[in-house]
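There are 2 protein chains.
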Amino acid sequence: MGEEGKGALAREVFNLREAAQGIRRRLGEGIDTRIFPGENVMLSVVRFEPSAVGKLHSHVEEQWGLLLEGSCVRSQGGEEIELSVGDFWHSPSGVPHGMRAGAEGALILDIFSPPRPEYLKPGEGFGG
Amino acid sequence: MGEEGKGALAREVFNLREAAQGIRRRLGEGIDTRIFPGENVMLSVVRFEPSAVGKLHSHVEEQWGLLLEGSCVRSQGGEEIELSVGDFWHSPSGVPHGMRAGAEGALILDIFSPPRPEYLKPGEGFGG
């Protein structure tokens, strides 16, 4: 069914695995995301290939993340922590952070508020 | 390890299944949540018992939801849609919405922005 054939509610429903949905961005080598912008919140469904490394960066927008699959190590504010499926974390405005995936890769939901303006169009890199 | 023994980063990491974390709220019969407030975003980890019904309500805060386990039917803006694990959805400001869980119950991550002030302390009900 095409977008035009859906009801209003169906157009507000997405799926983590529906590769055709969202605004595509390559955050780094082996790190691809699909961006879903709202008014106050932006979601980012990020797939890390095994051992992919997301470089340290920072931005003014508050961020939360949720590890949905795989494993990873989070770097944030000069510390590191190993994360397991079901862990979620808060990254305050301006705190430098990065991520490296474990041997099986990782699937992560990132949440930004306010939405990151540089992520409103397809592109590359972490922005900021 | 007590909270006081953790590093700053460990205090920003939570888990979906860690029942002691978060501000508790009973949203309705068989619907319990744990609230995690940030500056611009508030997360709510909601457990629906089998067939539990979250009544229609609305609020000015934008909301997103993600179905992590189980199944449910979302009512929103006068429409209904059946949801599967991995589905996520956007509920714009002010649009009436509700949820009923399937036979196996449901685990849902709700995301609010701005944070809902009535959810900053333990309590009951959907507020608004």
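Quick note, the sequences are listed as chains A and B, same order. Take the first sequence: its letters are residues 1 to 128, numbered as in the working numbering. Take the second sequence: its letters are residues 1 to 128, numbered as in the working numbering. Beta carbons are placed, not taken as given, at the ideal position from N, Cα and C, and that holds for glycine.
Rounded to whole angstroms, what's the CA-CA distance from A:E187 to B:W89? Just pull it up for me. Residue 187 of chain A lies beyond the range of chain A shown here (1 to 128); nothing can be said about it.
Positions along the segment 10-40 of chain A whose CB lies within less than 8 Å of some CB in chain B: A10, E12, V13, F14, N15, L16, R17, F36, G38, E39 and N40
Can you find a C-beta in chain A that's less than 9 Å from the C-beta of B:S51? no
Scan the segment 99-117 of chain B for residues whose Cβ lies nearer than 8 Å to a Cβ of chain A and list them as they occur along the chain. L109, I111, S113 and P114
Can you pull the chain B residues whose beta carbon is under 8 Å from the beta carbon of A:L120, in chain order? Ordered by position in chain B, no residue passes the 8 Å Cβ test against A:L120, which lies about 15 Å from the chain.
When we look at the beta-carbon of B:A52 and count the other beta-carbons within 10 Å, is it buried (16 or more) or exposed? buried
Can you give the Cα-Cα distance for B:E124 and B:P117, rounded to whole angstroms? 13 Å
If we call anything under 9 Å between Cβ atoms a contact, is B:E79 one with A:G70? no
Where A:H90 meets chain B, residues with beta-carbon distance less than 7 Å: E12 and G38
Going by Cα to Cα distance, which pick from B:F14, B:K55, B:E39 and B:I35 is closest to B:P122? B:I35
Which one of B:G86, B:E49 and B:S93 has the shortest CA to CA distance from B:I31? B:E49
Check distances from the C-beta atoms of the segment 64-81 of chain A to those of chain B and list, in chain order, the residues that come in under 9 Å. W64, L66, L68, R74, S75, Q76, G77, G78, E79, E80 and I81
Where A:M1 falls: helix, strand or coil (DSSP): Here the model assigns A:M1 a pLDDT of 49, short of 50, so the residue's position is not dependable, and the following value carries that caveat. Coil at A:M1, not helix or strand.
Reference B:I108; option with closest CA among B:K55, B:M99 and B:L67: B:L67
Would you verify that the beta carbon of A:G86 is, or is not, closer than 9 Å to some beta carbon of chain B? yes
With a cut-off of 9 Å, does the C-beta of A:L56 fall near any C-beta of chain B? no
CA-CA distance, A:R100 and B:L16? 21 Å
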